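Peer 1:
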Amino acid sequence: MLKPGDRLQLRIQDVAFGGKGVARHDERVVFVPFVDSGEEVVAEVTAVKKNFAEARLVEVLEASPHRVEPRCVYFQTCAGCQYQHLDYGRQLDHKSKQLRDTLERIGGIRAPIDPAIPSPEPYGYRNKLSLTWISGRLGLFAADNYTLIGVEQCPIALPEVNEKLSKLRAKKISPPKSGRNRQSFVLRTDALEKKLPEHAFAQVNDALAPKLAEIAREILRPCDTLVDAYCGAGFFALALAPRAKKIIGIELHAESIELARKEAKALGVENVEFVAAAVEKYLPEKASSLGSYAVVIDPPRTGCAPPVLETLLATKPAQILYVSCNPATLARDLKALSSAYDIERIVPVDMFPQTQHLETVCGLKLRA
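Heads up: the sequence shown is residues 3 to 370, going by the numbering used here.
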């Protein structure tokens with residue numbers, strides 16, 4: 003009977019979405035982090051469930067040729083990164099396969115997938131860091147979401163952000179007036195601070211954001227009306243302005259909408275209207291009056307709310323550009339849309355090197 007504390011010698015068969023290696027012991031799946039396919043390792047069981055077990059890596063007996071030295075001293079402790087032990091090409095291979103496997107397993111989708119677009123910089127790309135201060139200690143959380151790690155630098159953050167981290171660490175941080183011994187800090191580049199409020203959504207990889215917009219322009223054909231659902235501060239709406247006679251951007255966060263309006267004015271974009279509203283309420287109410295339209299969907303990790311999917315299937319926009327940061331909810335939503343739409347293109351974009359996360363751009367057209 004397998005139990006916590008048992009040490010197992012395992013051959014890693016695959017790397018699952020989320021970054022954990024997949025092995026088998028007595029017909030039970032065992033998940034082990036920080037490994038690569040084909041490696042032979044010693045792992046210690048940490049938890050046993052009905053159909054699987056979790057284990058921690060103890061020793062690599064037979065290393066993958068793709069294994070490299072992590073750049074971060076906090077790797078395997080901090081929860082931020084899952085792949086620093088692998089060369090960047092191998093990371094892209096795993097993420098592409100995970101996307102393909104997830105789309106097929108959850109959505110029943112077997113469409114061609116473009117080669118993953120790499121980040122120009124595998125390290126030093128993040129334009130912001132979110133840190134927590136608790137009782138005199140400043141840092142990032144471990145995987146248990148409880149233990150705070152007092153990081154001095156973050157290798158995946160831009161040098162400017164790390165400079166701000168050093169300055170913050172040098173300061174004496176006083177407890178908030180609320181009396182709680184906990185507070186949050188968001189460190190961002192000066193350019194991002196000038197452009198957006200602290201809690202507004204922004205792409206974290208400045209170097210790859212233009213490529214994301216370029217792919218969207220490649221996929222989306224000219225249309226009369228384009229709806230940008232979950233538009234944030236207008237990233238896609240403004241990038242795609244030449245593709246439509248009229249664009250409507252919808253975003254719940256009113257401050258982001260104000261910024262989108264200012265950016266449109268600064269760029270001289272006159273065919274865009276931004277609306278502060280919940281997509282799942284606004285779109286069902288207004289979509290039927292839009293006539294022929296196309297839509298960009300860039301939802302949170304939870305994917306599209308059911309009323310949004312129901313509205314799309316009822317009003318049938320000619321094109322859908324779906325941008326997702328979660329392959330599982332993307333697969334779920336594409337499955338729902340597959341009754342009326344064909345997938346034209348799927349492009350993985352690695353906005354988050356060294357981590358489990360992946361951005362995916364998917365173009366759909368209404369079936370004739």
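Where a beta carbon is used, it is the ideal one built from N, C-alpha and C, also for glycine.
Since the structure is predicted, the reported quantities are computational estimates derived from the model, not experimental observations.
Check whether the region 212-223 touches the region 304-319, counting contact only when three or more Cβ pairs, one atom from each stretch, lie closer than 8 Å.
Peer 2: Not touching, per the Cβ criterion.
Peer 1: Select from K264, A268, D146, P309 the residue whose C-alpha is nearest the C-alpha of P284.
Peer 2: Position 282 of the sequence shown holds residue 284. At residue 284 the sequence reads Tyr, which differs from the Pro that was named. Out of K264, A268, D146, P309, P309 has the C-alpha closest to the C-alpha of Y284.
Peer 1: Whose C-alpha, out of S176, G7, C306, E56, is nearest the C-alpha of V413?
Peer 2: Residue 413 lies beyond the residue range present for the chain, which begins at 3 and ends at 370; the question has no answer from this structure.
Peer 1: Which of the three DSSP states, helix, strand or coil, is assigned to P161?
Peer 2: Counted from its first residue, the sequence shown places residue 161 at position 159. Note: P161 maps to helix in three-state DSSP.
Peer 1: Compare the C-alpha of D116 against each of Q358, R369, R347, L261 and name the closest.
Peer 2: As a first step, residue 116 must be located in the sequence shown, where it is residue number 114. Selected option, being the one with the closest Cα: R347.
Peer 1: In this structure, what does DSSP give as the bridge partners for G141?
Peer 2: The residue you call residue 141 lines up with position 139 of the sequence shown. Its beta-bridge partners are T134.
Peer 1: Where does N53 land, buried or exposed, given buried means 16+ other C-beta within 10 angstroms?
Peer 2: Start at 1 with the first residue of the sequence shown, and residue 53 comes out as number 51. Exposed is the call here.
Peer 1: Roughly how many angstroms lie between the CA atoms of Q358 and S176, to the nearest whole one?
Peer 2: Numbered from 1 along the sequence shown, position 356 holds the residue referred to as residue 358. Numbered from 1 along the sequence shown, position 174 holds the residue referred to as residue 176. About 34 Å.
Peer 1: Looking at the strands, I want to know which residues DSSP matches up with H27.
Peer 2: The count along the sequence shown starts at 1 and reaches residue 27 at position 25. Looking at the DSSP assignment, H27 forms a beta bridge with R30.
Peer 1: Roughly how many whole angstroms lie between the Cα atoms of N273 and R73?
Peer 2: To locate residue 273, count along the sequence shown from 1; it is residue 271. To locate residue 73, count along the sequence shown from 1; it is residue 71. Approximately 46 Å, taken between the alpha carbons.
Peer 1: Contact defined as beta carbons within less than 8 Å: I believe Y125 pairs with I151. What is the distance between those atoms, to the nearest angstrom?
Peer 2: Position 123 of the sequence shown holds residue 125. Position 149 of the sequence shown holds residue 151. With 8 Å as the limit, Y125 and I151 do not qualify as a contact, their Cβ atoms being about 18 Å apart.
Peer 1: Counting C-beta neighbours from all protein chains within 10 Å, is the total for K5 16 or more, i.e. buried, or is it exposed?
Peer 2: The residue given as residue 5 occupies position 3 in the sequence shown. Answer is exposed; the Cβ neighbour count stays below 16.
Peer 1: Quick one: give me the first and last residue of the alpha helix (DSSP H) that A330 is part of.
Peer 2: Within the sequence shown, numbered from 1, the residue matching residue 330 stands at position 328. From DSSP, the alpha helix (DSSP H) with A330 extends over 329-339.
Peer 1: For M3, count neighbouring C-beta atoms within 10 Å of its own C-beta (all shown protein chains included) and say buried if the count is 16 or more, exposed if not.
Peer 2: Mapped onto the sequence shown, residue 3 falls at position 1. M3 comes out exposed.
Peer 1: Mind pulling the alpha helix (DSSP H) runs of 4 or more residues that sit fully within the region 84-112?
Peer 2: Complete alpha helix (DSSP H) runs here, min 4: 90-109.
Peer 1: Just to confirm, are R369 and A342 a CB contact at a threshold of 7 Å?
Peer 2: Taking the first residue of the sequence shown as 1, we reach residue 369 at position 367. Taking the first residue of the sequence shown as 1, we reach residue 342 at position 340. Their beta carbons are under 7 Å apart, which means R369 touches A342 by this criterion.
Peer 1: Suppose you measure from the CA of P114 to the CA of D28; what does that come to, to the nearest Å?
Peer 2: Taking the first residue of the sequence shown as position 1, residue 114 is located at position 112. Taking the first residue of the sequence shown as position 1, residue 28 is located at position 26. Each residue's alpha carbon lies about 35 Å from the other.
Peer 1: What are the start and end residues of the alpha helix (DSSP H) that includes L4?
Peer 2: Position 2 of the sequence shown holds residue 4. It is not in any alpha helix (DSSP H) - L4 carries neither H nor E in the DSSP assignment.
Peer 1: How many angstroms separate the CA atom of G293 from the CA atom of L228?
Peer 2: Here the question's residue 293 lines up with position 291 in the sequence shown. Here the question's residue 228 lines up with position 226 in the sequence shown. Each residue's Cα considered, the two are about 11 Å apart.
Peer 1: Short of 7 Å in beta carbon distance, which residues of its chain neighbour E64, apart from the five on each side in sequence? Order them along the chain.
Peer 2: To locate residue 64, count along the sequence shown from 1; it is residue 62. If we look at E64 and ignore the five residues flanking it on each side, its Cβ neighbours are E41, E42.
Peer 1: Enumerate, from N- to C-terminal direction, the unbroken alpha helix (DSSP H) stretches of 4 or more residues contained entirely within the region 152-225.
Peer 2: Within the region 152-225, the complete alpha helix (DSSP H) runs of at least 4 residues are 161-172, 192-197, 211-221.
Peer 1: Sort out for me which residues DSSP pairs T362 with in a bridge.
Peer 2: As a first step, residue 362 is located in the sequence shown; it is residue number 360 there, counting from the start. BP columns for T362 point to S326, P350.
Peer 1: Give the range of the alpha helix (DSSP H) segment to which L285 is assigned.
Peer 2: Taking the first residue of the sequence shown as position 1, residue 285 is located at position 283. Note, L285: alpha helix (DSSP H), 281-288.
Peer 1: Tell me whether I14 sits in a helix, a strand or coil according to DSSP, three-state version.
Peer 2: Locating residue 14 in the sequence shown gives position 12, where the first residue counts as 1. Looking at I14 - three-state DSSP - the assignment turns out to be coil, as it is neither helix nor strand.
Peer 1: According to DSSP, K264 sits in a beta bridge with which residue or residues?
Peer 2: The count along the sequence shown starts at 1 and reaches residue 264 at position 262. DSSP lists no partner for K264.
Peer 1: Below 6 Å CB to CB, which residues in the same chain sit around A372 once its five sequence neighbours on both sides are set aside?
Peer 2: Nothing about residue 372 can be reported from this structure: the residues present for the chain run from 3 to 370 only.
Peer 1: Reducing DSSP to helix, strand and coil, say where L314 ends up.
Peer 2: Position 312 of the sequence shown, counted from the first residue, corresponds to residue 314. The answer is helix: DSSP assigns L314 an H, G or I state.
Peer 1: Determine the DSSP secondary structure at I119, reduced to helix, strand or coil.
Peer 2: Numbered from its first residue, the sequence shown carries residue 119 at position 117. The answer is strand: DSSP assigns I119 an E or B state.
Peer 1: Helix, strand or coil for E253? Go by DSSP, reduced to three states.
Peer 2: The residue you call residue 253 lines up with position 251 of the sequence shown. Residue state, collapsed to three classes: strand.
Peer 1: Which partner residues of L59 appear in the DSSP bridge assignment?
Peer 2: On the sequence shown, position 57 is the one that residue 59 refers to. Paired residues: A45.
Peer 1: In chain order, what residues of the same chain have a beta carbon less than 7 Å from the beta carbon of H87, not counting five sequence neighbours either side?
Peer 2: Numbered from 1 along the sequence shown, position 85 holds the residue referred to as residue 87. These residues qualify, in order along the chain: F36, R69, V70, P72.
Peer 1: Going by the CB atoms, is the gap between G21 and A333 shorter than 7 Å?
Peer 2: Taking the sequence shown and counting its residues from 1, the one referred to as residue 333 is at position 331. Taking the sequence shown and counting its residues from 1, the one referred to as residue 21 is at position 19. Taking 7 Å as the Cβ cut-off, A333 and G21 do not qualify as a contacting pair.
Peer 1: Can you tell which of Q321, S39, L210 has the C-alpha that lies nearest to the C-alpha of Y85?
Peer 2: Stepping through the sequence shown from its first residue, residue 85 is reached at position 83. Residue S39 is the option with its Cα nearest to Y85.
Peer 1: What span of residues does the alpha helix (DSSP H) with A241 cover, start to end?
Peer 2: For the purposes of this step, residue 241 is taken as residue 239 along the sequence shown, with counting starting at 1. Here the alpha helix (DSSP H) through A241 covers 237-241.
Peer 1: Compute the Euclidean distance between the alpha carbons of A289 and E253, then round it to the nearest angstrom.
Peer 2: Counting from one through the sequence shown, the residue named residue 289 turns up at place 287. Counting from one through the sequence shown, the residue named residue 253 turns up at place 251. Using only the alpha carbons, I get a separation of about 15 Å.
Peer 1: Just to confirm, are P199 and E257 a CB contact at a threshold of 7 Å?
Peer 2: Locating residue 199 in the sequence shown gives position 197, where the first residue counts as 1. Locating residue 257 in the sequence shown gives position 255, where the first residue counts as 1. Yes, Cβ-Cβ distance for P199 and E257 is below 7 Å.
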